[in-house]
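Residue numbers (our numbering): 7 to 233.
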């Protein structure tokens, strides 16, 4: 049996019907999950967005010793087994970027191979982001995660684990936007949200799943009848 309802939840605008497998015995749990998915997904993406902004400032500061001739067409520097750590005022790590290979180009572009990004939040578990590669634009405004992009956050005392999967994800630093046109899968605990295209606008405080939205929730166990 499928329950259908329209509309979005707080922080999440759904542009198509949400299709939720459910049972008549458990009608109350569904809206609560929908209400929280927008804020939780925003939290994960905003952490990655803040991390990408820091990656801009770190990777685009090309020291003199890596600068090469203007005629050079390849990377001006290749760093292997790179680990970049940003610490807070207390000395503890706030963001960590690990990549087996970082290529820096003369025009300011940077390419990270198989980046593993970690952002430590003030409260709750850290947010992790991985991809096949990350490309930092020459104008220092865009980070493109490409190839098996995964953003995840482990479960906490208040919320189950969260995992976002897509093929590409673009962060625009000045505009404070994270977006993709590719299919998106969001896992939260035992529930899953599917859609095509996603856009997070931090300035407008709005998260959109653009099309073909389906929400799959686990079947509730029937209550045992007492004799």
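We treat Cβ as the ideally placed atom computed from N, Cα and C, and that holds for glycine.
These figures come from a predicted structure and were not determined experimentally.
Report the rounded CA-to-CA distance for residue 102 versus residue 178, giving the unit in angstroms.
Taking the first residue of the chain shown as position 1, residue 102 is located at position 96. Taking the first residue of the chain shown as position 1, residue 178 is located at position 172. Distance between the alpha carbons of residue 102 and residue 178: 19 Å.
Are the CB atoms of residue 171 and residue 186 nearer to each other than 8 Å?
As a first step, residue 171 is located in the chain shown; it is residue number 165 there, counting from the start. As a first step, residue 186 is located in the chain shown; it is residue number 180 there, counting from the start. Against a cut-off of 8 Å, the Cβ pair of residue 186 and residue 171 comes out as no contact.
For residue 121, which option in 134, 82, 98, 114 has the closest C-alpha, if you only look at C-alpha atoms?
Numbered from 1 along the chain shown, position 115 holds the residue referred to as residue 121. For residue 121, the nearest C-alpha among the options comes from 134.
In angstroms, rounded to a whole number, what distance separates the CA positions of residue 160 and residue 166?
Along the chain shown, read from residue 1 onward, the residue named residue 160 stands at position 154. Along the chain shown, read from residue 1 onward, the residue named residue 166 stands at position 160. If I take the Cα positions, the gap works out to 7 Å.
Is there contact between the stretch 125–133 and the stretch 147–156, where contact requires at least three CB pairs shorter than 8 Å?
With the cut-off at 8 Å, the stretch 125–133 and the stretch 147–156 do not touch.
Between the Cα of residue 124 and those of 199, 136, 114, 155, spot the shortest distance and give me the residue it belongs to.
If you number the chain shown from 1, residue 124 lands on position 118. The shortest Cα separation from residue 124 among 199, 136, 114, 155 belongs to 136.
Starting from the Cα of residue 183, find the closest Cα among 213, 89, 193 and give me that residue.
By one-based count along the chain shown, residue 183 stands at place 177. Measuring from the Cα of residue 183, the nearest candidate turns out to be 213.
For residue 201, count neighbouring C-beta atoms within 10 Å of its own C-beta (all shown protein chains included) and say buried if the count is 16 or more, exposed if not.
As a working note, residue 201 is residue 195 in the chain shown. Per the 10 Å Cβ criterion, buried.
Applying the criterion that 16 or more other CB atoms from any shown protein chain within 10 Å of the CB defines a buried residue, is residue 163 buried or exposed?
Translated into the one-based positions of the chain shown, residue 163 becomes position 157. When all chains shown are included, residue 163 counts as exposed.
Output the distance between the C-alpha atoms of residue 83 and residue 97, rounded to the nearest integer angstrom.
Residue numbering aside, residue 83 sits at position 77 when the chain shown is read from its first letter. Residue numbering aside, residue 97 sits at position 91 when the chain shown is read from its first letter. Distance between the alpha carbons of residue 83 and residue 97 is about 29 Å.
By a C-beta neighbour count over all protein chains shown, 10 Å radius and 16 as the cutoff for buried, is residue 95 buried or exposed?
The residue given as residue 95 occupies position 89 in the chain shown. Exposed.
Taking a contact to mean a Cβ-Cβ separation below 8 Å, would you say residue 91 touches residue 99 in this structure?
In the chain shown, residue 91 corresponds to position 85, counting from 1. In the chain shown, residue 99 corresponds to position 93, counting from 1. Cβ distance < 8 Å, so residue 91 and residue 99 count as in contact.
Hey, how far is the Cα of residue 174 from the Cα of residue 216?
By one-based count along the chain shown, residue 174 stands at place 168. By one-based count along the chain shown, residue 216 stands at place 210. Straight-line Cα distance between these residues: approximately 15 Å.
Quick check on this structure: which residue in 143, 93, 225, 119 has the alpha carbon closest to the alpha carbon of residue 112?
In the chain shown, counting from the first residue as 1, residue 112 sits at position 106. For residue 112, the nearest C-alpha among the options comes from 143.
I'd like to check one pair, residue 205 with residue 168: are the Cβ atoms closer than 8 Å?
Sequence index remark: in the chain shown, residue 168 carries index 162 (1-based). Sequence index remark: in the chain shown, residue 205 carries index 199 (1-based). Not a contact, by the Cβ cut-off of 8 Å.
Which residues bound the beta strand (DSSP E) around residue 193?
Along the chain shown, read from residue 1 onward, the residue named residue 193 stands at position 187. Its beta strand (DSSP E) spans residues 183–194.
Which residue comes first and which comes last in the beta strand (DSSP E) that contains residue 105?
Position 99 of the chain shown, counted from the start, is the residue given in the question as residue 105. First-last of the beta strand (DSSP E) with residue 105: 99–110.
What does a CB cutoff of less than 6 Å around residue 19 pick up in its chain, not counting 5 residues either side in sequence?
Walking along the chain shown from the start, residue 19 turns up at place 13. Annotation note: pLDDT 34 at residue 19 (below 50); position unreliable, no value reported.
Per DSSP, which residues does residue 146 bridge with? Please list them.
One-based indexing of the chain shown puts residue 146 at position 140. DSSP, once it has assigned bridges, lists no residue as partnering residue 146.
Over what stretch of residues does the beta strand (DSSP E) that includes residue 125 continue unbroken?
Stepping through the chain shown from its first residue, residue 125 is reached at position 119. Here the beta strand (DSSP E) through residue 125 covers 122–125.
In the DSSP assignment, what are the bridge partners of residue 201?
As a working note, residue 201 is residue 195 in the chain shown. Paired residues: 190.
Among all the DSSP beta bridges, which residues are the ones paired with residue 88?
Taking the chain shown and counting its residues from 1, one reaches residue 88 at position 82. 105.
Tell me whether residue 225 sits in a helix, a strand or coil according to DSSP, three-state version.
The residue you call residue 225 lines up with position 219 of the chain shown. Residue 225: coil per DSSP, three-state reduction.
For residue 126 and residue 225, I'd like the C-alpha separation in whole angstroms.
The count along the chain shown starts at 1 and reaches residue 126 at position 120. The count along the chain shown starts at 1 and reaches residue 225 at position 219. Distance between the alpha carbons of residue 126 and residue 225 is about 34 Å.
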